[in-house]
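Below is one structure, written out as C-alpha cells; the observations come after it.
There are 2 protein chains.
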Amino acid sequence: MSNTDSSKFPTVVIIGGGFGGIQVAKQLADKPVEVILIDKHNYHTFQPLLYQVATGSLESESIAFSLRKNFEGQKNLRFRHTEVSRIDRENNTVETTIGPIKYDYLVIATGSTTNFFGNKEIEHYAMPMKSIPEALNLRYMVLQNLEEAILRPSKEERAAYLSFVLVGAGPTGVELAGALAELRNHVLNKDYAELSKDEMKVYLVDFLPKVLGPFSDEGSKAADDFLHKMGVELLLNVKVESYDGNEIKFEGGKSIKTKNVIWSAGVQGVVPEGVSKDAIERGNRIKVDTICRMIGTENIFAIGDVAAMITDETPKGHPGVAQVAIQMGETTGKNIVRMLRAEQPLPFKYNDKGSLATIGRNKAIADIGKFKTQGFFAWLIWMFVHLISLMGGRNRVIVFINWVSSYISYNGGSRLIIRNFKREELVQKDEQVSKPD
Amino acid sequence: MSNTDSSKFPTVVIIGGGFGGIQVAKQLADKPVEVILIDKHNYHTFQPLLYQVATGSLESESIAFSLRKNFEGQKNLRFRHTEVSRIDRENNTVETTIGPIKYDYLVIATGSTTNFFGNKEIEHYAMPMKSIPEALNLRYMVLQNLEEAILRPSKEERAAYLSFVLVGAGPTGVELAGALAELRNHVLNKDYAELSKDEMKVYLVDFLPKVLGPFSDEGSKAADDFLHKMGVELLLNVKVESYDGNEIKFEGGKSIKTKNVIWSAGVQGVVPEGVSKDAIERGNRIKVDTICRMIGTENIFAIGDVAAMITDETPKGHPGVAQVAIQMGETTGKNIVRMLRAEQPLPFKYNDKGSLATIGRNKAIADIGKFKTQGFFAWLIWMFVHLISLMGGRNRVIVFINWVSSYISYNGGSRLIIRNFKREELVQKDEQVSKPD
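If you read the sequences in order, they're chains A and B.
Reading the first sequence from the start, the letters are residues 1 to 437 in full-length UniProt numbering.
Reading the second sequence from the start, the letters are residues 1 to 437 in full-length UniProt numbering.
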C-alpha cells in the first residue's frame with residue numbers, strides 16, 4: 001500500500017485495535033496527524049467476556065465491534081485489515097501482507113497471547129482462549145465432547161469426555177470454571193438427559209496456593225468458597241507436568257483422564273519481528289520508558305499487555321488488564337500530540353480502579369481500593385461495569401437481554417456447533433508469537 | 001450406537017432437523033413411540049433469514065436454535081449429532097458415523113442443497129447460501145473483497161472486487177440483491193470512505209424473463225421496480241455460460257469481471273445413499289405417494305424439499321418452501337400415529353398460505369391468496385410473519401432489536417470477519433449430495 005499521498009501531516013501507525021490501540025486512535029481524532037490503524041481482525045474484541053462465548057452464553061458478535069464502524073466519524077483515520085510481518089526501524093516502515101506502510105510515529109498495541117512456557121505437547125492439545133476464534137473452538141470442543149460422551153456405554157469411557165480441567169486460577173480460569181459448573185448444574189440434565197450431572201467434573205488447577213492470586217485475601221477466599229459450593233474441584237499448589245490429549249499429569253504423580261484441558265496459566269506479549277533483543281523483557285514484553293516509548297527508540301511506543309514499564313514502584317511492570325492498556329493508550333495519544341507541538345511528554349501514571357471477577361449468578365468479587373465486597377452486590381457491579389464498557393449500544397442491549405434471559409430461565413445461551421472443531425486445525429493457532437531479532 | 005434397550009415401543013428415526021423434521025417429532029410427543037432425531041448440525045436453521053446473516057445484518061446464532069434445547073421437554077425423543085451415510089432398507093437400519101440405528105419407521109427430511117446443474121467450475125467458484133456456514137463464508141468473502149478493493153489504486157482493478165453477481169432471481173436472489181444494494185446505498189461511504197458508492201455494482205441474473213417467477217405478475221412487477229430504484233441491475237432472459245473466479249460469461253457474448261458470484265439458481269434434494277434409483281424424480285427428489293411415503297416402501301417417508309409428490313394437481317410436485325415441509329411433517333407425524341393404531345393414514349393436502357419476499361426497508365411483496373400488496377404494508381407483514389416463525393423467544397427479541405436498530409440508524413449489523421474465508425476451503429462444501437444406488 002502506498003500512503004505517500006498529498007497529506008503533509010505526520011503519520012501515526014497503530015498496530016492492534018484492542019483496548020490500548022483504539023484509545024490512541026481516539027486521542028488523535030481531529031489532530032493534525034494521519035492515523036493508520038492495523039489489525040488482523042476487522043473488529044475489536046471485548047476480551048473480559050470471551051469465557052461467555054466459550055460456554056455458549058453469548059454470541060461471539062455481541063462482544064465484538066467493527067473497527068471500521070467504530071471510527072466511521074474519524075476523518076483522519078484509515079483502517080487496514082492486515083498483519084504486520086516486520087518492523088523496519090531504519091526506514092520507519094512496517095511491512096505487512098498488503099505492502100509496506102511508512103510511519104512517523106509507531107504504536108505497538110499487539111497485546112498478549114497464551115503462554116505455554118515452551119511445552120509443545122501442551123500447546124498442541126490444550127485449548128487457549130485469548131480471541132474469538134479460540135473461544136469458539138473451545139465451545140465447539142466442549143459441546144462435541146458432550147455429544148461424544150452420550151455415545152459411550154460405560155461410565156469409565158465417558159469420564160474423559162466429561163472432565164474439564166482448567167489450568168490457571170486467575171480471573172479467566174475462575175470465571176470459566178464457574179460458567180462450566182453452572183452448565184453442569186443447570187443445563188446438563190435438561191439438554192443431555194442421557195448424562196448424569198455427577199459424571200461431569202470441573203477442575204481448577206494452579207501452582208499457587210490460592211485462586212485469584214492478585215486479588216485481596218478476602219476476595220480470594222470468597223471465590224474459593226463460591227467455587228466449592230458450585231462443585232468445582234480446586235487443585236492448588238499443583239504443577240502440570242504433561243498433557244497428551246487424553247490424560248493430564250501433575251508433578252507428584254496424580255493425573256486426570258480428560259479430553260478437555262483449557263490453558264489460562266500465563267500470557268506473553270505478541271512482539272512483531274524487528275524489535276531488538278535488548279528491548280525484550282520477561283514474558284516477551286517490550287521494555288518501555290515512563291512515557292511508554294520503547295527503549296532505544298525515539299518514535300516507537302508500546303502499550304498494554306505487550307509493554308513492560310519497569311520502575312521502582314512496578315518492578316514487574318503493570319498487570320495485564322484492560323485498564324492499563326486503556327490508560328497507556330490515552331497517555332500515549334496525548335503525548336504524541338504534545339511531541340508534535342514540541343511540548344514535554346507526560347509520564348504514565350496508572351490509576352488502579354480495582355479488580356472484578358464473577359464466579360456465577362449472584363456470585364462475584366469486587367476489590368475497589370479499600371472497598372471490598374463479595375456476592376450479590378459485587379455481581380451487580382460486575383454486570384454494570386461490563387455492560388457500560390462494551391462497545392456499541394446494540395451490543396449492550398443484546399448482552400443485557402441474554403443475561404436477563406439466562407437469569408430467569410437458568411438455561412441461557414444457544415450452545416450451537418456452527419463449525420465442527422477439529423484438533424488438526426488448532427495447529428495453526430490464531431495468534432503467532434514471533435521471536436525478536 | 002445401540003438402541004436395543006428395553007423399550008418395546010416402535011422406533012421412528014427422523015433424518016434432518018429442518019422445518020419438516022421438527023414437525024414430525026413434535027407430532028410424536030407423548031405418543032407410544034421412541035423418536036430418534038438425527039442432524040449433522042446440533043441446531044435448526046431458519047433458512048428464510050440466511051441472507052441477513054450473509055450481509056452481516058444478523059448474527060448467525062439468532063436464526064439458529066439448539067435442537068436439544070427445543071426438545072428438552074420431550075421425553076420420548078433422543079437427538080443424535082451425526083450424519084447418515086446410508087439407509088439399509090433390508091435391515092431397517094440407517095448407517096451413521098456413530099454406528100447403525102434401527103428404525104421401524106423412517107422419515108427422510110434432509111432438505112435440499114444448491115444445484116449447480118453439473119457445472120464443476122461454477123460449483124467451485126460461485127458461492128452457495130443454503131446453510132449457516134455457507135452464509136458466513138459468503139459474508140466473509142464479501143467483506144474481504146471490500147477490503148481488497150481499497151488496496152487497488154485504479155478503478156479498473158477495483159471493479160471485479162466491487163461487482164456482485166447474483167444468479168437466480170427467486171426470493172433468495174431478490175432478497176440478497178436488495179440487502180447488498182442497501183449495504184452500498186447506506187453503509188459503503190460510512191465504513192469504506194475510500195470507496196465510491198458508484199463503483200459497487202449489484203447484478204441480478206435469471207434465464208427467465210421476470211424476477212420472483214412463482215409470484216403474481218403484480219408482485220413480480222413491483223419487485224422489479226423496487227430493485228431498479230435501489231440500483232440493482234437486472235439481467236433477465238440471460239443464461240450463465242461459465243465462471244472462472246474472475247469473469248462470469250453469459251450466452252450471447254456478454255460478460256462481467258467479478259470476484260463475487262452468488263448462486264441461487266436452483267436446488268436439488270439431498271438424498272441419502274440406499275434410496276433406489278426408481279424412486280428418484282427430477283431435481284434429485286424422492287417420489288412419494290399421497291401420504292408422503294416413498295414409492296415401493298412400507299415404512300419410509302420423505303417430506304419437504306427432498307420429496308416429490310406428483311399428482312394431477314401437482315405435476316411437478318410442491319414448491320420448495322417452509323410451509324410445504326411444515327405441513328408434510330405434520331401430516332406424516334399424525335399418519336405414523338394412525339398407522340400404529342391400525343387406522344387409515346390421511347392423504348396430504350397442501351394449504352397454500354401465500355408468498356412473501358422483501359427487497360429492502362419498507363419494500364416487500366405479499367401474495368396471500370387473492371390478497372396482494374406491495375410496499376410498506378407488505379413489509380410489515382413480512383417482518384411479523386418472520387418474527388413469529390423464529391424459534392425461541394430470545395431469538396425473536398434479538399432479531400427485533402437488530403431490525404429496529406438498523407431501521408433507525410441505516411447502518412445495522414456488525415459486519416465482522418470472524419474467520420478469514422479461503423477459497424480452498426469451499427471445495428469441501430457444507431452439503432454433500434450423494435447419488436442414489
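For every residue, glycine included, the Cβ atom is placed at its ideal position computed from N, Cα and C.
A straight line joining the alpha-carbon of residue 134(B) with that of residue 245(B) spans about 17 angstroms. Three or more pairs of CB atoms, one per stretch, sit closer than 8 angstroms, so the region 124-140 of chain A contacts the region 50-64 of chain A. Within chain B, 143, 147, 415, 416 and 417 have C-beta atoms less than 8 angstroms from the C-beta of residue 42(A), given in sequence order. Proximity of the region 201-209 of chain A to the region 142-155 of chain A falls short of the contact definition, fewer than three beta-carbon pairs being nearer than 8 angstroms. Residue 412(A) and residue 53(B) have their C-alpha atoms some 22 angstroms from each other. For residue 243(B), the enclosing beta strand (DSSP E) covers residues 240-243. Scanning 385(B), 349(B) and 243(B) for the CA closest to the CA of residue 312(B) turns up 349(B).
Setting aside the 5 residues that flank it on each side, residue 114(A) is surrounded in the same chain by 128, 130, 263 and 267, each with a C-beta closer than 7 angstroms to its C-beta; the list follows chain order. Of 347(A), 330(A) and 385(A), the smallest CA-CA separation from residue 27(A) is found for 330(A). Per DSSP, residue 172(A) is one residue of the alpha helix (DSSP H) stretching across 171-182.
For residue 171(A), the number of other beta carbons within 10 angstroms of its own is at least 16, and it is reported as buried.
Residues of chain B whose Cβ lies closer than 8 angstroms to the Cβ of residue 192(A) are, in chain order, 68. Contacts with chain B at 9 angstroms (Cβ-Cβ) include residue 64(A). Look at the beta carbons and you see the region 11-23 of chain B not touching the region 18-33 of chain A: under three pairs across the two are nearer than 8 angstroms. For residue 386(A), same chain residues with a beta-carbon under 7 angstroms away, outside a window of 5 residues either side, are 48 and 49 in chain order.
Against chain B, the beta carbon of residue 341(A) has no neighbour under 8 angstroms; the closest one sits roughly 27 angstroms away. For the 9 angstroms CB-CB criterion, residue 15(B) and residue 160(B) do not form a contact.
Residue 42(B) counts as buried, since no fewer than 16 other beta carbons sit within 10 angstroms of its beta carbon.
Along the region 185-272 of chain A, the beta strand (DSSP E) occurs as fully enclosed runs of 3 or more residues at 201-205, 232-235, 240-243, 247-250, 255-257, 260-263 and 267-269, listed in sequence order. Only exposed fits residue 196(B), as fewer than 16 other CB atoms lie within 10 angstroms of its CB. With three or more CB-CB distances shorter than 8 angstroms, the region 380-399 of chain B counts as touching the region 356-365 of chain B.
Under a criterion of Cβ atoms nearer than 9 angstroms, no residue of chain B is adjacent to residue 361(A); the nearest Cβ is some 17 angstroms distant. With fewer than 16 other beta carbons inside 10 angstroms of its own, residue 376(A) counts as exposed. Proximity of the region 270-290 of chain A to the region 75-82 of chain A falls short of the contact definition, fewer than three beta-carbon pairs being nearer than 8 angstroms. Taking 9 angstroms as the threshold, the shortest C-beta distance from residue 365(A) to chain B does not fall below it.
Secondary structure at residue 81(B): strand, using DSSP grouped into helix, strand and coil. Counting the other Cβ atoms within 10 Å of the Cβ of residue 341(A) gives fewer than 16, which makes it exposed. Sixteen is the threshold: when 16 or more other Cβ atoms of the shown chains lie within 10 Å of the Cβ of residue 374(A), as they do, the residue is buried.
In this structure, DSSP gives residue 356(A) an extended state, which the three-state scheme calls strand.
Only buried fits residue 414(A), as 16 or more other CB atoms lie within 10 angstroms of its CB. Nearest C-alpha to residue 86(A) among 71(A), 72(A) and 102(A): 102(A). In this structure, the alpha-carbon of residue 325(A) lies about 23 angstroms from that of residue 176(A). The Cβ of residue 186(B) sits no closer than 9 angstroms to any Cβ of chain A. With respect to residue 235(A), residue 250(A) sits close: the two C-beta atoms are nearer than 9 angstroms. The three-state reading of DSSP puts residue 386(A) in helix, counting H, G and I together. DSSP links residue 127(B) through a beta bridge to 262(B).
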